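Below: the structure, in structure tokens.
Protein chains in written order, with the numbering used here: chain A, 1 to 116; chain B, 1001 to 1114.
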């Protein structure tokens, strides 16, 4: 099976712009989670989608949003970009049907976002 | 809320030496515990996980970890380090009801000296 794919891999934006990142989960996986990784804050949970519904949400401002499509692909959007949004954004997928907590999360390679 | 503490940000060992990476967790309910590895410019890869049952868990690449409830620990070990083990290692916790949310520690960078 193909792994989790994320596009684009690298992105440069300027402050105030918005950005959309895409994640395609492993075939058959219905849960997609997003994480932000920075040197200062480490890995932080953004949100999780399961069957097109947001099932869990981290402590990020409303500028960070996401959605999931019927084929389980997910996108996350960041509006009004700030310098502090520069980070590696990781997407992870899992089967999701048992609630997810015990399941292995399979991570994609990430999208590295640089905000200038 | 759950949390993970990984003491120290960097560990250096000689090739062939024992690898020990420490992880302590905090959780008011039974935890599920994970160790992930991240190589440069890559995503995270699962090394091993503990959900229930046997407290000594064996993972990939010769790594293992032991869940010790009394010590709230889940330390990662490997008897003999290899150069290819150089990477960043993350301990993470989740609990029933949190769905797929993982709470990660800050990570430990492992260096392996020839």
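Where is the CB? At the ideal position from N, CA and C, for every residue including glycine.
Everything numeric in this text was worked out from a predicted model, so none of it was measured.
8 Å contact criterion, which residue i and residue j should meet: CB distance rounded
| i | j | result |
| --- | --- | --- |
| residue 46 of chain A | residue 113 of chain A | The Cβ separation is near 13 Å, so there is no contact. |
| residue 1019 of chain B | residue 1105 of chain B | Not really, about 16 Å apart at Cβ, beyond 8 Å. |
| residue 83 of chain A | residue 15 of chain A | 6 Å |
| residue 109 of chain A | residue 1042 of chain B | 6 Å |
| residue 1102 of chain B | residue 1111 of chain B | The pair is not a contact, with the Cβ atoms about 25 Å apart (cut-off 8 Å). |
One or two residues paired with residue i in a DSSP bridge
| i | result |
| --- | --- |
| residue 69 of chain A | Residue 69 of chain A pairs with nothing; no bridge assigned. |
| residue 1108 of chain B | B:1089 |
| residue 1031 of chain B | B:1095 |
| residue 42 of chain A | A:38 |
| residue 1045 of chain B | B:1037 |
| residue 1083 of chain B | BP columns for residue 1083 of chain B are empty, so no partner. |
| residue 112 of chain A | A:10, A:88 |
| residue 74 of chain A | A:23, A:68 |
| residue 54 of chain A | A:49 |
| residue 973 of chain B | Only positions 1001 to 1114 of chain B appear in this structure, which leaves residue 973 of chain B out of reach. |
| residue 1005 of chain B | B:1024 |
Classification of residue i by the beta-carbon crowding that lies within 10 angstroms, buried from 16 upward
| i | result |
| --- | --- |
| residue 94 of chain A | buried |
| residue 97 of chain A | exposed |
| residue 1068 of chain B | exposed |
| residue 76 of chain A | buried |
| residue 25 of chain A | buried |
| residue 1099 of chain B | buried |
| residue 116 of chain A | exposed |
| residue 1052 of chain B | exposed |
| residue 52 of chain A | exposed |
| residue 1029 of chain B | exposed |
| residue 1033 of chain B | buried |
| residue 69 of chain A | exposed |
| residue 1079 of chain B | exposed |
| residue 54 of chain A | exposed |
| residue 1058 of chain B | exposed |
| residue 1039 of chain B | exposed |
| residue 1108 of chain B | buried |
| residue 111 of chain A | buried |
| residue 1031 of chain B | buried |
| residue 1065 of chain B | buried |
| residue 43 of chain A | buried |
If you measure beta-carbon to beta-carbon, which residues of the region 1084-1109 of chain B are closer than 9 Å to chain A? Residues are counted here when their Cβ sits less than 9 Å from a Cβ of chain A; for the region 1084-1109 of chain B these are 1090, 1092, 1094, 1095, 1096, 1097, 1098, 1099, 1100, 1101, 1102, 1103, 1104, 1105, 1106, 1107, given in chain order.
With 9 Å as the limit, tell me which residues of the region 1007-1035 of chain B have their beta carbon closer than that to any beta carbon of chain A; keep them in chain order. Answer in chain order: 1032, 1034.
Residues within the region 74-96 of chain A neighbouring chain B, beta-carbon criterion of under 8 Å: For the region 74-96 of chain A, the residues whose beta carbon sits under 8 Å from a beta carbon of chain B are, in order, 90, 92, 94, 96.
Near-chain E residues of the region 1038-1057 of chain B (beta-carbon distance less than 9 Å), N- to C-terminal order: Protein chains A and B are contained in the structure displayed, whereas chain E is not.
Closer than 9 Å, Cβ to any Cβ of chain B: which residues of the region 13-36 of chain A, in chain order? Using a CB distance below 9 Å, the part of the region 13-36 of chain A facing chain B consists of 31, 32, 33, 35, ordered along the chain.
Between the region 98-115 of chain A and chain B, which residues of the former have a C-beta closer than 9 Å to a C-beta of the latter? Listed in sequence order: 99, 100, 101, 102, 103, 104, 105, 106, 107, 108, 109, 110, 112.
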